[in-house]
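What the sequence shown shows, in mature numbering (1 follows the signal peptide of the UniProt record, and there is no 0), is residues -23 to -1, 1 to 1098, in sequence order.
Just so you know, even glycine gets a beta-carbon here, dropped at the ideal spot from N, CA and C.
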Amino acid sequence: MKNNTRFSICLLFLWMSMSFCLAAETYSQETFFTIESNNLTVKEVFNKIEKESEYIFFYLDNSVDLNRKVSVKARKEQVSKILDQIFKGTDTHYYISDRQIIISKDEKTAPVSLQQKGQTITGIVKDATGEPVIGANIVEKGTTNGTITDMNGQFTLTVNPKAVLQISYIGFNTLDMPVGNKSSLTIKLTEDTKALDEVVVVGYGVMRKSDLTGSVGSVKSDVIQKQAISSFDQGLQGKVAGVQVMATSGSPGGVVDIRIRGGNSLTSGNQPLYVIDGYPVTAGGSAGGSGAGQNPLATLNPGDIESMEILKDASATSIYGSRGANGVILITTKRGKQGKTTVTYDGYVGFQHVAKKLDMMNATEWAEMVNEGAETDGRPIYYSNTSSDPLYPAMSQLGEGTDWQDQIFRTAPIHSHNVSVNGGSENTKFAVVASYFGQEGVVKNQDFNRVSLRNNIDTKISKVVDLSTSLTISRVFANTGRENGDGGGNTSIINASLVMPPTVPIYDPTTGEYVRLNYLPGSSTVPNPVPYVKHLQDKGTIDRILASADLTFHIIDGLTLKVSGGADMSNASREVYEPKETYRGYNANGIAEQQSRRSSSYSNENVLTYIKKIGQHSLNVMVGSSLLYEENKTGSMTARDFISDVYGYNNLDAGAQWDKPNTGRSKSTLLSGFGRINYVLMDKYLFTVTGRADGSSKFGANNKWAFFPSFAAAWRINQEKFMKNIDWISNLKIRGSWGVTGNQNIPAYSSPEKMNTYTYPIGGVTSVGIGAGNMPNPDLKWETTAITDIGIDLGVFNNRINFTADYYYKKTTDLLWNISVPLTTGFGTVLKNIGSLQNKGLELSLSADVLTGPFKWNTMLNWSTNKNKVLEIPGYIPTQQGTISGHLKVNGSWLEPGLPVGVWNLLKTNGVMRTEKEWQDAARVADSNFDKIGDMSFVDKNGDGKISFGEDRQIVGDPNPDFIFGWTNNFSYKNFDLSVYINGSVGNDIYNVLRAETNIVSAWGNQRAEVKDRWTANNPNGKYPRAHVLVNQNLLQSDYLIEDGSFLRIQNVTLGYTFPKVSFLRSLRIYATAQNLLTITGYSGYNPEVNSQGQSNLLLGVDYNAYPTARSFILGVNIGF
């Protein structure tokens, strides 16, 4: 099944890759007709061609005799052959432009739109060289009245007085031209060099896309805003080659993990650096505490964003030095535009439900399995036909039992509202956006809400001084709940809804109170989830202010000085109260918790830029300095034993018992100097040199400073003389870069010696003392990543089709790793720079305007693969990296030089032992309870006839995908538009830890319905092993928990309609969106796109109690005033 799923998705992806390439071929060359008749009118021939194809005829009534009878004999002929037959010997001519067929009386007569009263305009459309533009669209703006130019570039159109003509053609800039009193127009279109001259935001500046020497991906606002998302990082999913987005939690406002070209670190952060309007911001943090945390990036409204640029190679990222190793995401927010003030409302409402509900056993099925397992293990059965115990009803009374998933899931509303005001004069421009986003979770008692206000102002103070300010104020308030966790009594709602046996009722039939804990012997001590979704109070709040100001001084022509200052301040809190109805609250007589986190950062940047062009030479020089100060404060308090639940989390002093409070504070400073030189010769030879020196307080006294250089070059081959006659190639550029970046994502004070407080019993009295808290390391420094990138950019047919390919190799050295030290030092480990790993991969991107007629189709496809490997960790002995679930004893990933990061080294199952012979031939396991016919056998790797975890384990899974992809299609016809976005992953394995509870055919807890197909004497070919009451620990340490996570998902489908003209509105568009519409996968869990263990590079691809994915349906409207 694993290989079949991957193969199927590969075939489907291959078809996707080829389909639009084929569609981009000339339509007339691949469209054929069969018409054989001696008595058809010309009109009937036209109708038949239009009905069987995408062709549309344009003609004047007097330009062709539609009622003339013709004979047509065509068998699989192109349309031109048919038109040649019917117009042979007449003065009627035709011209084919893509899917448009122009019919005229002679070659000089232009096609005209439908007759209407008004002013008749004639004209000719030419390009910059004076050549006629054939098939250009001429439309009376604001109406559907239009025509196209003929083979001589001419047109005739009757329009209303005071009309404005809009002239457009693929590869040229759209032109609006008022008609005025003119009756004849000569229109010159300029070539659309947007694909090349589009300005791209780069570190500390902007640059023409044609001058880029690095690897930069871009996502525009219209792409982001077609999705019902709570944070902008979710909007990057599948949009840029080499960017992998994984959901740490599917809860409202939940955290996502972004990897750009793989993970570079084993223990430090792998998240990219975010820069908003030039101001570097941290992801920050929620208040913490147990259970789910909020995504700090969700404090930012996706509707504020104009574009996002993703910097991937060293040429683009080394300007950020010690923070650029994981890539950089530059976010540009919407700014004011000169002109009349406009007001826009964009909002939607909708609902969500769980995209997939797991099929679990009902009460009768589970009781039968448990009884079967009890008999297998020689124990008394749990359920009889004569029982009168209300907690163990008779078998005949069980029925379906309790569906715990239905008890916690719901259909939940979602809505978003954005109001923006934009406008300004030549000297002052402004953009104000106010927004509210509300999303209730598909798990009851959970929600996410965000209120934000953003104000951007650009002011020209004088001829030489500009001022730009940005201010964002936001508040996130959410009820987060405890949907994840470890299970085993640790209040995981998701875990409890799946593991709690269906024979257990919600309420104790003898007392009427909640059944607070699974009471069945031999089962998991999982709590009743219903009190948590009904009574738990768990409120998280994040208040955030982002403020920045830039003063730009235009010193002389080409020389500017930009002085910037900014602040990022957030205050997060989490308040929890578990009342007596809940399991933990009942045992502790109520538990209240309060956590807080206050984060602030302040920066100053000074950037001097000189831009000069002299003849064939273009020079862009930038130098600057930066100072960043960061501070974090945390605190937590817990109280229990409340006389009443009425206090909740508001008054911890009402509790009779208190845990010791915890507080913390950290500060760090980063001082930097940087520079970049861009040199362009003859608009075809491009060179970039970048360097940055960083000094960080986080590192050792002997390694405070480091220098991060990069070098890049590119050659625009299409600008060479020998390419001039190859006019179908619009752009051809090869580029290469090498550079060094760093990673300083470690806690402050990791290098110096820290003092901790300890308690000591002296003379029967507990005394408090101070002692060393860690082993210092004055040589500690940042991890260093060297990146080599080779790329090609290709545009053909006037950039109608664009292709980009990049190959990269990254090597990270000086990995930060806790190395074991002798116990005589008084410590167990010390943090050192040791070891290295590599990432290498290939990225492909393809975009095309496949259809450009009345029906338009634009498509964008990206594909990428990344392979990583640990190169060396001197002195390290390969080991298992921790335990994922303590109460289940499920092991973590395996770390070993020569292997990818995060692989799983476990026993390999060898099928169920179905017969006496299979049992005799199998290697023996240590526990005789699971060494019988019907049990699972395992591969004896060392061939000693015995199964030993330490000796027989092998690499059985890899969470890193073979490749990931995204495919976006935008269609439009007249006023309708349709976008379809698909993403997927192939080859990634998932460590489905939940199978260790729900697929082990045991009384541990409820089981998946699929284990009904288990081995019994009457079903010896059952897929699953025989039933037990006990838990087979070998299963928990084997590839029994590994599944293929390959998937293809229709992530987003949006259908919209733009009203042509509404008298009292500037614009009006309505749309409907389906999010997470369909997923094709062989994975058995809720969501194959999962990463429930957070951002650790050592625990990728783990699914344990992950929040299920929601499917959303929304209706929206965009109104312009």
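Inset, instruction - Measure the CB-CB distance between proline 367 and threonine 259 and report whether it falls below 8 Å. - result: Stepping through the sequence shown from its first residue, residue 367 is reached at position 390. Stepping through the sequence shown from its first residue, residue 259 is reached at position 282. No, the pair does not count as a contact, with Cβ atoms beyond the cut-off.
Inset, instruction - May I ask you to verify whether the segment 570 to 579 touches the segment 602 to 610, counting CB pairs closer than 8 Å and requiring at least 3? - result: A contact exists between the segment 570 to 579 and the segment 602 to 610.
Legend entry - Residue of Pro997, Arg930, Leu1012, Asn995 minimising C-alpha distance to valine 970: Within the sequence shown, residue 970 is the residue found at index 993, counting from 1. Checking every option, the nearest Cα to that of valine 970 belongs to Leu1012.
Inset, instruction - Please report how far the alpha carbon of tyrosine 1084 lies from the alpha carbon of threonine 1031, in whole angstroms. - result: Taking the sequence shown and counting its residues from 1, the one referred to as residue 1084 is at position 1107. Taking the sequence shown and counting its residues from 1, the one referred to as residue 1031 is at position 1054. Each residue's Cα considered, the two are about 25 Å apart.
Inset, instruction - Confirm, please, whether the CB-CB distance from glycine 772 to asparagine 708 is below 8 Å. - result: If you number the sequence shown from 1, residue 708 lands on position 731. If you number the sequence shown from 1, residue 772 lands on position 795. Yes, the Cβ-Cβ distance between asparagine 708 and glycine 772 is below 8 Å.
Legend entry - glycine 888 in three-state terms, based on DSSP: Translated into the one-based positions of the sequence shown, residue 888 becomes position 911. Strand at glycine 888.
Legend entry - Enclosing beta strand (DSSP E) for glycine 350 [first to last residue]: As a working note, residue 350 is residue 373 in the sequence shown. Bounds of any beta strand (DSSP E) do not take in glycine 350; it lies within the alpha helix (DSSP H) bounded by 340 to 353.
Legend entry - Counted within 10 angstroms of its Cβ, other Cβ atoms place threonine 151 as buried (16 or more) or exposed: The residue you call residue 151 lines up with position 174 of the sequence shown. Threonine 151 is exposed by the Cβ-count criterion.
Legend entry - 3 or more residues per run - each beta strand (DSSP E) lying fully within the segment 782 to 859: With a minimum length of 3 residues, the unbroken runs of beta strand (DSSP E) contained wholly in the segment 782 to 859 fall at 793 to 797, 806 to 810, 813 to 829, 832 to 849.
Legend entry - Extent of the continuous alpha helix (DSSP H) to which tyrosine 624 belongs: Locating residue 624 in the sequence shown gives position 647, counting from the first residue. For tyrosine 624, there is no enclosing alpha helix (DSSP H), as DSSP marks it with neither H nor E.
Legend entry - Helix, strand or coil at glutamate 873 according to DSSP, with G and I counted as helix: As a working note, residue 873 is residue 896 in the sequence shown. Glutamate 873 falls in the coil class under three-state DSSP.
Legend entry - Coil, strand or helix - asparagine 1011 by DSSP: Numbered from its first residue, the sequence shown carries residue 1011 at position 1034. Residue state, collapsed to three classes: helix.
Inset, instruction - Compare the Cα-Cα distances from lysine 698 to each of Leu444, Ile711, Thr718, Asp660 and report the closest residue. - result: Position 721 of the sequence shown, counted from the start, is the residue given in the question as residue 698. Nearest C-alpha to lysine 698: Asp660.
Legend entry - Sub-8 Å separation of asparagine 835 and asparagine 947 beta-carbons: In the sequence shown, residue 835 corresponds to position 858, counting from 1. In the sequence shown, residue 947 corresponds to position 970, counting from 1. When the beta-carbon positions are compared, asparagine 835 and asparagine 947 come within less than 8 Å of each other.
Inset, instruction - Assess, as a yes-or-no matter, whether the segment 504 to 523 is touched by the segment 578 to 585 under the definition of 3 or more beta carbon pairs within less than 8 Å. - result: Contact between the segment 578 to 585 and the segment 504 to 523 is absent, because fewer than three Cβ pairs lie under 8 Å.
Inset, instruction - Tell me whether the beta-carbon of glutamine 815 lies closer than 8 Å to the beta-carbon of lysine 787. - result: Walking along the sequence shown from the start, residue 815 turns up at place 838. Walking along the sequence shown from the start, residue 787 turns up at place 810. Yes. Within cutoff.
Inset, instruction - Could you say if the segment 279 to 287 and the segment 177 to 186 meet the contact criterion of at least three C-beta pairs nearer than 8 Å? - result: The segment 279 to 287, when compared against the segment 177 to 186, does touch it at the 8 Å Cβ threshold.
Inset, instruction - Return the residue from the list Ser979, Gly625, Leu430, Asp1016 that minimises the CA-CA distance to residue 1101. - result: Residue 1101 is absent from the structure shown; the chain starts at -23 and stops at 1098.
Legend entry - Closest residue to asparagine 976 among Asp104, Thr856, Ile568, Tyr1017 (Cα-Cα distance): Position 999 of the sequence shown, counted from the first residue, corresponds to residue 976. With distances taken between Cα atoms, asparagine 976 lies closest to Tyr1017.
Legend entry - Sufficient close CB pairs (3 or more, under 8 Å) joining the segment 1001 to 1015 to the segment 904 to 918: As far as the Cβ criterion goes, the segment 1001 to 1015 touches the segment 904 to 918, which means the pair count is three or higher.
Legend entry - Where histidine 594 falls, given that 16 or more other Cβ within 10 Å makes a residue buried: Reading the sequence shown from its first residue, position 617 is the one you call residue 594. Counting Cβ neighbours within 10 Å, histidine 594 comes out exposed, since fewer than 16 surround it.
Legend entry - Residue from Ser373, Glu345, Trp381, Leu375 with nearest C-alpha to aspartate 336: Along the sequence shown, one-based indexing puts residue 336 at 359. The shortest C-alpha separation from aspartate 336 is found at Trp381.
Inset, instruction - In angstroms with no decimal places, state the Cα-to-Cα distance between valine 745 and tyrosine 737. - result: One-based indexing of the sequence shown puts residue 745 at position 768. One-based indexing of the sequence shown puts residue 737 at position 760. If I take the Cα positions, the gap works out to 6 Å.
Legend entry - Minimum C-alpha distance to valine 481 - residue among Glu377, Ser412, Thr829: In the sequence shown, the residue the question calls residue 481 occupies position 504. Of the candidates Glu377, Ser412, Thr829, Glu377 places its Cα closest to the Cα of valine 481.
Inset, instruction - Kindly indicate the opening and closing residues of the beta strand (DSSP E) around residue 1108. - result: Given a span of -23 to 1098 for the chain in the structure shown, any question on residue 1108 remains unanswerable.
Legend entry - Where proline 88 falls, given that 16 or more other Cβ within 10 Å makes a residue buried: Here residue 88 is taken as the residue at index 111 of the sequence shown, counted from 1. Caution is warranted here: a pLDDT of 39 is assigned to proline 88, below 50, making its placement in the model unreliable, and the coordinate value is therefore given only provisionally. Flag for proline 88 reads buried.
Inset, instruction - Just mark alanine 565 as buried or exposed, buried being the case when its beta carbon has 16 or more other beta carbons within 10 Å. - result: Translated into positions along the sequence shown, residue 565 becomes position 588. Result: buried.
Inset, instruction - Consult DSSP for serine 1089 and reduce its assignment to one of helix, strand or coil. - result: Taking the first residue of the sequence shown as 1, we reach residue 1089 at position 1112. DSSP, reduced to helix, strand and coil, places serine 1089 within a strand of the structure shown.
Inset, instruction - Could you name the residues that DSSP lists as bridge partners for leucine 743? - result: The residue you call residue 743 lines up with position 766 of the sequence shown. Reading off the sequence shown, one finds threonine at residue 743, where the question assumed leucine. Answer is Pro738, bridged to threonine 743.
Inset, instruction - Give me whichever residues DSSP pairs with serine 373 in a beta bridge. - result: Numbered from 1 along the sequence shown, position 396 holds the residue referred to as residue 373. Serine 373 is not bridged to any residue.
Inset, instruction - Note down, in chain order, each residue of its chain lying with its Cβ closer than 8 Å to the Cβ of serine 674, except the 5 sequence neighbours on either side. - result: Your numbering for residue 674 matches position 697 in the sequence shown. Spatial neighbours of serine 674 in its own chain (CB-CB distance under 8 Å, excluding positions within 5 residues in sequence) are listed in chain order as Lys644, Ser645, Thr646, Leu647, Lys681, Ala725.
Inset, instruction - Could you tell me how far apart the beta carbons of asparagine 751 and phenylalanine 804 are, in whole angstroms, since I believe they sit closer than 8 Å? - result: If you number the sequence shown from 1, residue 751 lands on position 774. If you number the sequence shown from 1, residue 804 lands on position 827. Sure, about 7 Å apart at Cβ, within 8 Å.
Legend entry - DSSP three-state assignment for isoleucine 471, whether helix, strand or coil: Within the sequence shown, numbered from 1, the residue matching residue 471 stands at position 494. Isoleucine 471 falls in the helix class under three-state DSSP.
Inset, instruction - Work out the CA separation of glycine 324 and histidine 392 for me, nearest whole Å. - result: Start at 1 with the first residue of the sequence shown, and residue 392 comes out as number 415. Start at 1 with the first residue of the sequence shown, and residue 324 comes out as number 347. A straight-line Cα-Cα distance of about 7 Å links histidine 392 and glycine 324.
Inset, instruction - Note down the Cα distance separating methionine 338 from glutamine 984, rounded to an integer number of angstroms. - result: The residue given as residue 338 occupies position 361 in the sequence shown. The residue given as residue 984 occupies position 1007 in the sequence shown. CA-to-CA, the gap between methionine 338 and glutamine 984 works out to about 6 Å.
Inset, instruction - Please classify methionine 700: does DSSP put it in a helix, a strand, or coil? - result: Here residue 700 corresponds to residue number 723 of the sequence shown, with the count starting at 1. In this structure, methionine 700 counts as helix in the three-state DSSP scheme.
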